[in-house]
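Just so it is clear: in the sequence shown, position 98 is 98 by the UniProt record's numbering, and no numbers are missing.
All C-beta atoms in this analysis are idealised placements derived from N, C-alpha and C, irrespective of residue type, glycine included.
Single-structure report; data block below.
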Amino acid sequence: MITRIFILDDSLVFEKMIEDILEESRNLLIPWNFEIIKGLNVMQFVEFVKNNDIRSSDIFFLDIDLNAYYSGIELGEMLREKNAKCKIVYLTSHPNKAIAVINRNITPSGYLIKEFTYEKNKKNIQSYLLS
């Protein structure tokens, strides 16, 4: 089964950077068959979650602060209602927002603090993928 990797970030530049890092990391350990799904706005993402199965193998890179009607925290709650085992990795420039995630019992697989350089982000994402 193909792993679906969703990227939802209000910064198109950061979204593209994550995509590039994932593509570069495709054969990090073993050849890994995955599909990257990006470019959805928040409402399209909500509709997708409501109308589709969320698989345990799905990975979601969600910005906590999306500057939209829903936050990444609320989207994480929606995902958990559909599948408690899917992987959620929160992206944030504000590490103090992790408390809100903990208080909502979302239990993400990880947090990535948005770094300003490609190499720092690559290191963080690859260490998550290898864990």
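If the five residues before and after Asn-33 are omitted, its C-beta is found closer than 6 Å to the C-beta atoms of Ile-2, all from its own chain and listed in chain order. Cβ-Cβ distances below 8 Å link Glu-19 to Ile-7, Ile-36, Lys-38 in the same chain, with the five nearest sequence neighbours on each side left out; the list follows chain order.
Note on geometry: alpha-carbon atoms of Glu-23 and Asn-105 lie some 31 Å from one another. According to DSSP, Gly-72 shares a beta bridge with no other residue. DSSP places Phe-116 outside both helix and strand once states are collapsed to three, so it counts as coil. DSSP places Lys-85 outside both helix and strand once states are collapsed to three, so it counts as coil.
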